[in-house]
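Sequence positions in the sequence shown follow this note's numbering and run 2 to 511.
All residues carry an ideal CB built from backbone N, CA and C; glycine is no exception.
Only a predicted model underlies this, so the values are computations on that prediction, with no experimental measurement involved.
Below: the structure, in structure tokens.
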Amino acid sequence: MLSNKAKVFATFVAITLFYSCEGKKNYGDKKPNIVIILADDLGYGDPQIYNVESKIPTPNIDQLASEGIRFTDAHTPSSVCTPTRYGLLTGRYAWRTDLKKSVLWMWDRPLIEIDRLTFPKMLKSKNYNTACIGKWHLGWRWPSNRGDGFMNDTIAIGDYSLKDRNELWEKIDFSKPLGGGPLEAGFDYYFGDDVPNFAPYTFFENNRLVKIPNIMKPLDMYGGPGPMSEGWKLEDVMPTITKRAVKYIEDKSRENQPFYLNFTLTAPHTPIAPTDNFKGKSEAGLYGDFVHEVDWSVGEIISALKKTGEFENTILIFTSDNGSPQRDGENMGGAIASVKKYGHDPSRPWKGMKADIWEGGHRVPFIASWPKRIKANTVSDQVICLTDIIFTVASILGIEKGKDQMEDSFDISPILFGKESAVRESIIHHSIDGTFAIRKGNWKLILGKDSGGFSKSLKIEGIPVKTKGQLYDLSKDQFENDNLYAKLPSKVNELTLLINQHKKLGASNR
């Protein structure tokens with residue numbers, strides 16, 4: 002029999018051996034873990050590694066870039082939230098669904114089709130454990146309190162003007178299991194708050210609410226109206242989901258099964274609610290402090306991976322769902338572009354911001370690390386999209402089944418592994434109001450709604466000319482100021498034909 006001291010020593014040795022030599026675990030044939038950290042409304046110019054003039058300390062994001070590859074021409078499929086999340090999980094542009102513009106609103110049904118292949122469903126074929134922790138914003142089926150199924154199955158999605166939308170919660174039985182959501186999309190586990198500025202204000206775990214909402218959100222609390230669980234604090238969301246994500250990594254590192262964590266942050270999206278630990282830590286007001294909290298959260302994930310010895314065998318991606326609206330954080334919100342008063346530009350050096358079709362709306366930070374395969378401290382200027390992640394992982398893992406459903410996804414693994422050859426011929430951008438743009442090489446054509454156009458006035462050789470779009474050469478005009486639409490009709494026709502082809506085919510990677 003071992004003495005108590007001997008037992009304690011043996012336990013200490015076992016734990017030390019498990020967590021020591023970080024990154025030097027004997028992985029055997031274990032496939033790489035996959036961790037995607039998706040910030041919410043983080044601009045291209047927020048991390049210091051992307052913007053030398055940033056007023057926000059981001060040491061963990063910057064360090065991650067030094068340990069992997071940083072992309073300077075990475076894009077979200079949309080300049081707003083829900084469509085980007087759909088694209089990341091499916092490899093398909095969301096405008097091919099019923100959501101032609103905008104985002105899902107409170108009480109909307111799921112956007113992801115039941116029979117659609119998703120990232121977690123794909124990974125099940127390789128025995129991955131899968132989890133989504135954080136913001137969902139892809140819809141649920143809300144159980145009716147009348148005993149007749151789900152109350153929102155027939156509600157048109159994305160209709161912000163829907164009459165009596167704010168009162169729909171009165172038709173819901175919050176004590177019943179929810180339909181749709183991450184579990185239906187293929188995840189084994191979910192924990193989060195769905196959308197931080199939407200009711201119900203409470204945490205979700207799997208397909209239930211952790212606490213049943215029992216009061217109404219105070220009118221002076223940031224966010225849309227609706228029910229809330231007593232004691233709910235907006236400042237607690239980021240620390241809580243970060244703690245859960247760290248615990249998931251720690252728990253799964255003790256198993257031989259590979260894992261996929263989709264860690265979807267709620268920051269620096271409104272409500273801009275940094276905890277006291279981060280207030281005053283930036284030179285960009287409360288918004289900057291919240292971005293600094295994002296960096297802390299990234300650091301917690303990296304630290305957990307390294308302490309558990311999983312970092313070397315993890316494909317870790319950090320990015321954002323769209324650009325920043327540039328609010329200063331006043332009353333947890335603030336006016337659009339108000340953070341610039343601090344001398345900080347979240348979109349620098351690009352024009353535009355969240356929701357726009359210009360680069361600031363959809364060009365985002367994108368950093369990938371996998372020490373076993375990705376060379377440290379590298380930079381790529383190749384064009385990529387968040388829809389590409391699923392096809393890339395499928396290729397790395399040798400998964401062929403289902404690739405035909407990833408209609409707008411490309412394999413960027415050659416770029417990750419050091420081959421600087423272009424993977425994409427083109428990329429399609431989409432804004433909050435349904436405006437399309439297409440990029441091919443350095444050329445970017447912006448089309449208006451329907452047949453094409455912002456009816457912008459333009460002077461060519463002093464003569465006013467009406468145009469139906471915008472054409473830019475980004476190699477010479479990264480600020481998208483010199484509209485060449487009327488000057489280069491052949492280029493306009495070429496790009497218009499290409500985007501119409503991608504629409505007609507139902508895919509852009511064929």
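Query	Result
Who are residue 360's beta bridge partners in DSSP?	For residue 360, which the question treats as bridged, DSSP gives no partner whatsoever.
Rounded to the nearest angstrom, what separates residue 128 and residue 32 at their Cα positions?	9 Å
In this structure, what does DSSP give as the bridge partners for residue 440?	428 and 445
If you count every other CB in all the chains shown that lies within 10 Å of the CB of residue 235, and 16 or more means buried, which is it?	buried
Assuming residue 191 is part of the alpha helix (DSSP H), what are its boundary residues?	First-last for residue 191: 190-195, but that is the beta strand (DSSP E), not the alpha helix (DSSP H).
Applying the 10 Å Cβ sphere with the 16-neighbour rule, what's the burial state of residue 59?	buried
Look up residue 320 in the DSSP assignment and say whether it is helix, strand or coil.	strand
Out of 239, 247 and 200, which has the shortest C-alpha to C-alpha gap to residue 228?	200
Residue 452 to residue 406, Cα distance in whole Å?	With a pLDDT of 31 at residue 452, under the threshold of 50, the predicted position of this residue should be treated as unreliable, though the coordinate-derived value follows. One C-alpha to the other measures close to 28 Å.
Answer yes or no: do residue 427 and residue 94 have a C-beta to C-beta separation smaller than 9 Å?	no
By DSSP, does residue 76 sit in helix, in strand, or in coil?	strand
Applying the criterion that 16 or more other CB atoms from any shown protein chain within 10 Å of the CB defines a buried residue, is residue 105 buried or exposed?	buried
Roughly how many angstroms lie between the CA atoms of residue 455 and residue 336, to the nearest whole one?	Annotation note: pLDDT 34 at residue 455 (below 50); position unreliable, coordinate value reported separately. Rounded to whole angstroms, residue 455 to residue 336 spans 25 Å at the Cα level.
Sort 126, 410, 365 and 196 by Cα distance to residue 134 and report the nearest one.	196
Quick check on the burial criterion: 16 or more other C-beta atoms within 10 angstroms. Buried or exposed for residue 445?	buried
Whole angstroms is fine: what's the gap from residue 499's alpha carbon to residue 267's?	36 Å
Helix or strand or just coil, what does DSSP make of residue 460?	Any reading at residue 460 needs caution, since the residue's pLDDT is 39, under 50, leaving its predicted position unreliable; the model's value is listed next. Note: residue 460 maps to strand in three-state DSSP.
Per DSSP, what kind of secondary structure is residue 251 in: helix, strand or coil?	helix
Are the region 386-395 and the region 352-362 touching by the rule of at least three beta carbon pairs closer than 8 Å?	no
Kindly identify the DSSP beta-bridge partner or partners of residue 141.	181
Going by DSSP, what residue range makes up the alpha helix (DSSP H) through residue 289?	286-308
Check whether the region 292-308 touches the region 69-86, taking contact to mean three or more Cβ pairs, one atom from each stretch, closer than 8 Å.	no
Taking the continuous beta strand (DSSP E) assigned at residue 1, which residues delimit it?	Here the chain comprises residues numbered 2 to 511, so residue 1 is not present and cannot be evaluated.
With the cut-off set at 9 Å, would you say residue 182 and residue 140 are in Cβ contact?	yes
Does the separation of the CB atoms of residue 142 and residue 111 fall below 9 Å?	yes
With DSSP collapsed to three states, give me the class of residue 237.	helix
Should residue 485 be labelled buried (16 or more other beta-carbon atoms within 10 Å of its own) or exposed?	buried
Figure out for me which residue from 319, 280 and 333 has the closest Cα to the Cα of residue 50.	319
Between which two residues does the alpha helix (DSSP H) harbouring residue 63 extend?	60-67
So what does DSSP say about residue 500, is it helix, strand or coil?	helix
Distance, Cα to Cα, residue 138 vs residue 124?	22 Å
Which word fits residue 471, buried or exposed, when buried means at least 16 other C-beta atoms lie within 10 angstroms of its C-beta?	buried
Using CA atoms only, rank isn't needed, just tell me which of 46, 340 and 434 is closest to residue 349.	46
For residue 481, is the classification buried or exposed, using 16 other Cβ atoms within 10 angstroms of its Cβ as the cut-off for buried?	buried
Please report how far the alpha carbon of residue 493 lies from the alpha carbon of residue 501, in whole angstroms.	12 Å
Does residue 146 come out as helix, strand or coil in the three-state DSSP assignment?	coil
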